[in-house]
Amino acid sequence: MHKRETLKIVLITIAVLAVIVINALILTKREPDILDIPETPEATKPVPDFSAYTDVKEKKTAFFDYLRPEVEKQNAYLLTLRHYIQTLYRKALNEEPLTDDDISRLEWLQTEYRVKAEQPLTSRLLALLHKIDILPAELVLVQAANESAWGTSRFARKGYNFFGIWCFVKGCGFVPGKRNAGATHEVAKFSSLSRATYTYMRNLNRHDAYTDLREIRERLRANQIPITGVALAEGLMNYSERGAAYVDELQTMIRFNQEFLTE
């Protein structure tokens with residue numbers, strides 16, 4: 014009987030400790046932060062086989078339907094960041110102190126979007142607002158179609174890279190079959206469609222090569238004119254060696270595919 018009582022006490026103790034540990038894990042689980050890059054389980058699913066479509070209209074519809082939710086999700090994230098930065102800007106104008114969390118987030122944003130930390134606070138916030146903004150879904154979608162051959166390239170199929178993004182560390186991606194002699198770049202490989210789309214949008218929003226795109230967008234926003242893909246495509250001269258011909262092609266694709274781009 015004594016042994017049974019002892020075993021019973023041990024089991025009860027273990028059960029109580031288990032409950033305490035579980036509750037502690039629940040209570041200490043980090044709440045999502047405003048800076049958390051949106052990622053969903055769906056974004057890690059295999060890329061559909063777009064080459065299997067024989068009907069062009071069905072293929073285009075499937076392609077845009079696959080990518081559109083991710084583009085919209087990343088744009089919503091960018092707008093959330095903009096609203097947060099605008100809140101910080103109002104605080105700065107009113108000379109209200111930033112919280113420790115605000116300072117930590119601001120440091121991350123400055124690094125992520127390459128804004129110089131030595132500038133005055135209001136200048137840094139304005140620089141972030143200039144860089145952090147939406148990219149029209151129609152532009153993102155036709156660029157993805159153009160760069161990935163409508164989702165059939167091996168970079169898209171095997172690495173979620175629908176945007177022709179390069180990387181420069183050996184082993185970071187795929188070695189292009191037609192890479193020039195002496196070149197070291199690779200075509201980046203991503204773990205999910207979310208990471209690929211986020212990286213592409215961040216590149217357009219922070220890289221010096223796309224300053225024109227951001228200036229066009231800022232002028233449109235300042236004058237309360239819709240931010241369109243045709244307009245912003247003018248700022249993508251440096252995205253391809255083809256320059257103006259590439260821009261013309263994107264603009265033509267947007268106009269030609271309106272029935273598929275409009276939900």
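Positions in the sequence shown are counted from 1; adding 13 to them yields the numbering used here.
Think of the CB as a built atom: it goes at the ideal place given N, C-alpha and C, for glycine as much as any other residue.
Since this is a predicted model, take the numbers as computed values, not measurements.
message: If distances are taken between C-alpha atoms only, which option among D49, L274 and L217 comes closest to A246?
response: If you number the sequence shown from 1, residue 246 lands on position 233. For the residues D49, L274 and L217, the minimum Cα distance to A246 belongs to L217.
task: Name, in chain order, the residues that DSSP records as bridge partners for V200.
output: If you number the sequence shown from 1, residue 200 lands on position 187. DSSP links V200 through a beta bridge to W179 and F187.
field: Segment limits, alpha helix (DSSP H) that includes K72
entry: Taking the first residue of the sequence shown as position 1, residue 72 is located at position 59. For K72, the enclosing alpha helix (DSSP H) starts and ends at V69 to L106.
- prompt: R208 and E52: beta carbons closer than 9 angstroms?
  reply: As a working mapping, residue 208 is identified with position 195 in the sequence shown. As a working mapping, residue 52 is identified with position 39 in the sequence shown. Yes, the Cβ-Cβ distance between R208 and E52 is below 9 angstroms.
- prompt: On the three-state DSSP scale, how would you describe V128?
  reply: Along the sequence shown, one-based indexing puts residue 128 at 115. If DSSP states are grouped into helix, strand and coil, V128 belongs with coil.
message: Counting beta carbon pairs with one atom in the region 88 to 104 and one in the region 112 to 123, are three or more of them shorter than 8 angstroms?
response: In short, these stretches touch, since the Cβ pair count reaches three.
- request: Decide if G248 is buried, meaning its Cβ has at least 16 other Cβ atoms within 10 Å, or exposed.
  value: By one-based count along the sequence shown, residue 248 stands at place 235. That one is buried.
- request: Pull up the CB-CB distance for L154 and L263, whole angstroms please, since I reckon it's below 8 angstroms.
  value: On the sequence shown, residue 154 is found 141 positions in, with the first residue counted as 1. On the sequence shown, residue 263 is found 250 positions in, with the first residue counted as 1. Contact between L154 and L263 does not hold, since the beta-carbon distance rounds to 10 angstroms and is not under 8 angstroms.
- request: Compare the Cα-Cα distances from E254 to each of F76, K183 and G177 and report the closest residue.
  value: Sequence index remark: in the sequence shown, residue 254 carries index 241 (1-based). Measuring from the Cα of E254, the nearest candidate turns out to be G177.
- prompt: At a cut-off of 8 angstroms, is R118 close to the ligand NAD when judged by its beta-carbon and the heavy atoms of the ligand?
  reply: Among the components of this structure there are no ligands whatsoever, and the ligand NAD is therefore not found.
Within 9 angstroms, strictly: CB atoms of P189 and V200: Within the sequence shown, residue 189 is the residue found at index 176, counting from 1. Within the sequence shown, residue 200 is the residue found at index 187, counting from 1. Yes. Within cutoff.
query: In terms of alpha-carbon separation, which member of D46, A75, L152 and T74 lies closest to N88?
result: Mapped onto the sequence shown, residue 88 falls at position 75. Per the Cα distances, L152.
message: Across the region 222 to 230 and the region 132 to 139, are there enough close Cβ pairs to call them in contact, namely three or more that are closer than 8 angstroms?
response: These segments do not touch.
task: Given a cut-off of 9 angstroms, decide if Y102 and L139 are closer than it, judged by their beta-carbon atoms.
output: Residue numbering aside, residue 139 sits at position 126 when the sequence shown is read from its first letter. Residue numbering aside, residue 102 sits at position 89 when the sequence shown is read from its first letter. Yes, the pair counts as a contact, with Cβ atoms nearer than the cut-off.
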